[in-house]
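Novice: Quick one: structure below, then a few questions.
Chains as they are written, first to last, in our numbering: chain C, 543 to 927; chain X, 9 to 440.
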């Protein structure tokens, strides 16, 4: 199986295929002409600004979805079922999507693995034609807590097309090991729901704090009972945190198995070492979600992406001044935070507002526009300029 | 014609130090505020001490933080609702205008309704949506479609040029003589402390013309066309090239805007024989928008009781002093809720100038607190109905077309002298 090539849509829809753009012949001319007229009618807006009001899920619109249902899985995990817009291109089991959710009026983007059936048929209570993600509320996790506890059916969310290479190859390998922990089960349940019948010999080691925390417990147990999958639960309260050495007893032939691993960073790092030490690193396939966000500090390094300049700045120097001192020509204006003429996208890091002390932390891979004239670096930050 | 002053360099930052406007307090002692202005008018802030101004700055900072920290779903829903309403109103009005030539009992109902709807839609788009989005009031939502960096408005002036002349120059240097070009737009004398010249003699005419063509005069003004005409002989090649780029951008924008309103939409109406009536409807809607926005905007800084400031008075200005200048340099309009929305909440000009990036729907709730703060500090909170405020500005435009009264001299003698001088100069130039 090969992953379909998918253009990741940018928020402004720059890579969105446009109707008539690739159409040849007289029909293409008519479509292009009609589009030109529509653009002339809508300027300074674009036709999509009006069409989105009428049908935000139409073909050609930025990809959006509507929440159909939020179904609790455990005390702190839930599956969010979403009907995607007509531009949805489908996915390969194991892949993830980015989802943009408005919380208290502010849009946040996060990545979640897809857990529904790729052929669009109904399964595990997910209606046909819907997509599903499963999320676990983590402490301080703004988006995960919102999705698990506050998300309501009917809400419109922003979506990106599916992406990621944490997928099964074709033909499926004869012997497979899934090693998952916590919400790391989600890409794997996606694979199981789609491919379990194609897999002859599946061992699954899953770690969770306790029995009640195991997401999809009943579903996994059912597979175990029918013998389609050999499930080994490692519950922290019973067995302690998983020691990879115990794999020798849990799955003695782990070295021979193609392994898919998803879980917290510490487990991923340890497993990579473990598989490398065993001389079979190529058998291990790892899903690594975005590294955690920076812990804000006082002052730090500012790197200006395109210009390749990196400077050290203290906690009281505006990023604008730091850039100018390094010889860059920066966009600027009032230099007191009111005109928004200095706004540049922050790609990573954290900044502190010199007027209020408020810290803004970059937390997803969506660039975050910030005012450089009133923000100083807090820890480190990466600015697109 | 009085020409726009030089675009100020970024003089607000002190070499080797942080911009003083980022802090409420100042390390160095601040200059005394004189009791009277050059024109002899009293300075309404003369009684405030340095400590008073600092305290005022801290209070306003705290108020700002309180509101900004409470921004949320309710506010996001507000701006989305306004945008949605505006777009449906515009689409509905334009759809009606497709039948604008259809007569019922001698009148064209679709023309009247469509024109009225389109006028309101254009006003909403320019004021409550465009102006405020471009101020960054909604950037905090992180919605790339409602963002200051991406918004383009239904106006002749391109967003980028508007943001420079309005957000940056006008809002930083509000009412500073020779610094804030908005003070009379370079064609009006609206304050006794502005120097009189012969050009202002005819300013009632300039004023009415400016109101009718407001979107184009804003475009010319944002482009600094006046400055270019006056100084092009000594402008560097770089500056000239920049002007040309900006000029092309404005012309492109005007072309797109005019094509939409005066070619494509009328052409769509040709099917029902309504091309001409759609064209007149769009023309009227643009005129209504121009006159309305001009009327609202002149009430913001020109009515009596609002102060202007000398250039030197803002050297090393602190955030507290900047706040003070914003309060004294702006005036409000009293009215209903609908009225506030139609002015883009610029009826809360004082609150807007204190916090230009605060969502406009929150100005009404802080207005009583700002008024209280100003009254406690013995500062005049200028406000009045739209009629009263705009009539007072029209009065001022007429009154200040003549020079200030000077003890022992008749104003008409000053005018006559200036006319004679100008006539002699002209004659000399022509070699007569």
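Cβ atoms here follow ideal geometry from the backbone N, Cα and C, with glycine treated the same way.
As the structure is a prediction and not an experimental result, all values here were calculated from the model.
Can you tell which of X/273, X/119, X/223 and X/293 has the C-alpha that lies nearest to the C-alpha of residue 129 of chain X?
Specialist: If you number the second chain from 1, residue 129 of chain X lands on position 121. Per the Cα distances, X/293.
Novice: Helix, strand or coil: how does DSSP classify residue 699 of chain C here?
Specialist: On the first chain, residue 699 of chain C is found 157 positions in, with the first residue counted as 1. Of the three classes helix, strand and coil, the one that applies to residue 699 of chain C here is strand, per DSSP.
Novice: Would you list the one or two residues that DSSP bridges to residue 860 of chain C?
Specialist: Position 318 of the first chain, counted from the first residue, corresponds to residue 860 of chain C. For residue 860 of chain C, which the question treats as bridged, DSSP gives the partners C/918.
Novice: Reducing DSSP to helix, strand and coil, say where residue 717 of chain C ends up.
Specialist: Position 175 of the first chain holds residue 717 of chain C. If DSSP states are grouped into helix, strand and coil, residue 717 of chain C belongs with the strands.
Novice: Who are residue 644 of chain C's beta bridge partners in DSSP?
Specialist: Position 102 of the first chain holds residue 644 of chain C. In the DSSP output, where bridge partners are listed per residue, residue 644 of chain C has C/649.
Novice: Look at the alpha carbon of residue 745 of chain C and the alpha carbon of residue 799 of chain C, and state the distance between them as a whole number of angstroms.
Specialist: As a working note, residue 745 of chain C is residue 203 in the first chain. As a working note, residue 799 of chain C is residue 257 in the first chain. Each residue's alpha carbon lies about 9 Å from the other.
Novice: Is the distance from the Cβ of residue 728 of chain C to the Cβ of residue 676 of chain C below 7 Å?
Specialist: The residue labelled residue 728 of chain C in the question sits at position 186 within the first chain. The residue labelled residue 676 of chain C in the question sits at position 134 within the first chain. Cβ distance < 7 Å, so residue 728 of chain C and residue 676 of chain C count as in contact.
Novice: Closer than 8 Å, Cβ to Cβ, to anything on chain X: give me those residues from the segment 862–883 of chain C, in chain order.
Specialist: Cβ contacts with chain X: 863, 874, 875, 876, 877, 878, 879, 880, 881, 882 and 883.
Novice: Could you tell me whether the Cβ of residue 841 of chain C comes closer than 7 Å to any Cβ of chain X?
Specialist: As a working note, residue 841 of chain C is residue 299 in the first chain. False, the Cβ-Cβ gap to chain X never drops below 7 Å.
Novice: Got a sec: is the Cβ-Cβ distance from residue 595 of chain C to anything in chain X below 7 Å?
Specialist: Indexing the first chain from 1 puts residue 595 of chain C at position 53. For residue 595 of chain C, the answer is yes, since a Cβ of chain X falls inside 7 Å of its Cβ.
Novice: Does residue 743 of chain C get closer than 7 Å to chain X when you measure Cβ to Cβ?
Specialist: To locate residue 743 of chain C, count along the first chain from 1; it is residue 201. Taking Cβ atoms only, chain X never reaches closer than 7 Å to residue 743 of chain C, which makes this a no.
Novice: Could you please tell me which residues of the segment 569–587 of chain C, in chain order, have their CB closer than 7 Å to any CB of chain X?
Specialist: Cβ contacts with chain X come from 579, 582, 583, 585 and 586.
Novice: Interface residues of chain X around residue 916 of chain C at Cβ under 8 Å?
Specialist: Stepping through the first chain from its first residue, residue 916 of chain C is reached at position 374. Those are 30, listed as they occur along chain X.
Novice: Under three-state DSSP, which class holds residue 365 of chain X?
Specialist: As a first step, residue 365 of chain X is located in the second chain; it is residue number 357 there, counting from the start. Residue state, collapsed to three classes: coil.
Novice: For residue 188 of chain X, which residues of its own chain have a beta-carbon under 8 Å away from its beta-carbon, when the five flanking residues on both sides are left out?
Specialist: Here residue 188 of chain X corresponds to residue number 180 of the second chain, with the count starting at 1. Answer for residue 188 of chain X: 177, 178, 181 and 182, listed in chain order.
Novice: Considering only the alpha carbon of each residue, which of C/579, C/680, C/854 and C/653 lies closest to residue 705 of chain C?
Specialist: As a position in the first chain, residue 705 of chain C is number 163, starting the count at 1. Checked all of C/579, C/680, C/854 and C/653; the closest Cα to residue 705 of chain C is C/653.
Novice: Cβ closer than 7 Å: which chain D residues qualify as neighbours of residue 80 of chain X?
Specialist: Protein chains C and X are contained in the structure displayed, whereas chain D is not.
Novice: I want to see whether chain C comes within less than 7 Å of residue 27 of chain X, judged by CB atoms only; does it?
Specialist: As a working mapping, residue 27 of chain X is identified with position 19 in the second chain. It does; some Cβ of chain C falls within 7 Å.
Novice: Going by Cα to Cα distance, which pick from C/825, C/831, C/894 and C/885 is closest to residue 856 of chain C?
Specialist: What you label residue 856 of chain C is simply residue 314 of the first chain in a count that begins at 1. Measuring from the Cα of residue 856 of chain C, the nearest candidate turns out to be C/894.
Novice: Starting from residue 84 of chain X, find everything on chain C with Cβ-Cβ shorter than 7 Å and list it in chain order.
Specialist: Taking the second chain and counting its residues from 1, one reaches residue 84 of chain X at position 76. Under the 7 Å cutoff, chain C gives 644 and 647.
Novice: Assuming residue 761 of chain C and residue 666 of chain C are in contact, meaning their beta carbons sit under 8 Å apart, how far apart are those beta carbons, in whole angstroms?
Specialist: One-based indexing of the first chain puts residue 761 of chain C at position 219. One-based indexing of the first chain puts residue 666 of chain C at position 124. Rounded, the Cβ-Cβ distance is 7 Å, consistent with contact.
Novice: Relative to the ligand HEM, is the shortest distance from any of its heavy atoms to the C-beta of residue 238 of chain X smaller than 6 Å?
Specialist: The ligand content of the structure shown is nil, which means the ligand HEM is not present either.
Novice: List in chain order: all unbroken alpha helix (DSSP H) runs of 4+ residues lying wholly within the segment 833–903 of chain C.
Specialist: Entirely contained in the segment 833–903 of chain C, the alpha helix (DSSP H) runs reaching 4 residues are, in chain order, 861–867.
Novice: For residue 413 of chain X, which residues from the same chain have a beta carbon less than 8 Å from its beta carbon, with the 5 sequence-adjacent residues on both sides left out?
Specialist: Numbered from its first residue, the second chain carries residue 413 of chain X at position 405. The residues are 419.
Novice: Does any residue of chain C have a CB that is nearer than 7 Å to the CB of residue 267 of chain X?
Specialist: Locating residue 267 of chain X in the second chain gives position 259, where the first residue counts as 1. Chain C, which has a Cβ nearer than 7 Å to the Cβ of residue 267 of chain X, makes this yes.
Novice: From X/59, X/274, X/116 and X/51, pick the residue whose C-alpha is nearest to that of residue 327 of chain X; which is it?
Specialist: For the purposes of this step, residue 327 of chain X is taken as the residue at position 319 of the second chain. Of X/59, X/274, X/116 and X/51, the residue nearest in Cα terms is X/59.
Novice: When burial is assigned at 16 or more other CB atoms within 10 Å of the CB, is residue 702 of chain C buried or exposed?
Specialist: Position 160 of the first chain, counting from 1, holds the residue named residue 702 of chain C. It is buried - the Cβ of residue 702 of chain C has at least 16 other Cβ atoms within 10 Å.
Novice: Distance cutoff 7 Å, beta carbons only. Does residue 898 of chain C sit that close to anything in chain X?
Specialist: Position 356 of the first chain holds residue 898 of chain C. For residue 898 of chain C, the answer is yes, since a Cβ of chain X falls inside 7 Å of its Cβ.
Novice: Take residue 605 of chain C and list the residues in its own chain whose beta-carbon comes closer than 8 Å to its own, dropping the five residues that flank it on each side.
Specialist: Here residue 605 of chain C corresponds to residue number 63 of the first chain, with the count starting at 1. Once the five neighbours on either side are set aside, the close Cβ partners of residue 605 of chain C are 551, 626, 627, 629, 630, 700, 701, 702 and 703.
Novice: Would residue 620 of chain C and residue 690 of chain C be called neighbours here (beta carbons separated by less than 7 Å)?
Specialist: What you label residue 620 of chain C is simply residue 78 of the first chain in a count that begins at 1. What you label residue 690 of chain C is simply residue 148 of the first chain in a count that begins at 1. Cβ distance < 7 Å, so residue 620 of chain C and residue 690 of chain C count as in contact.
Novice: List, in chain order, every chain X residue whose beta-carbon is nearer than 8 Å to that of residue 591 of chain C.
Specialist: For the purposes of this step, residue 591 of chain C is identified with residue 49 of the first chain, where counting begins at 1. Near residue 591 of chain C (Cβ distances below 8 Å), the residues of chain X are 95 and 153.
Novice: Using a cut-off of 7 Å between C-beta atoms, extract the partners of residue 364 of chain X located in chain C.
Specialist: As a position in the second chain, residue 364 of chain X is number 356, starting the count at 1. Within chain C, the residues near residue 364 of chain X are 880.
Novice: List, in chain order, every chain C residue whose beta-carbon is nearer than 7 Å to that of residue 99 of chain X.
Specialist: Within the second chain, numbered from 1, the residue matching residue 99 of chain X stands at position 91. Those within 7 Å of residue 99 of chain X in chain C are 592.
Novice: If we cut at 7 Å on Cβ distances, does residue 434 of chain X have a partner in chain C?
Specialist: Within the second chain, numbered from 1, the residue matching residue 434 of chain X stands at position 426. Residue 434 of chain X does not count as touching chain C.
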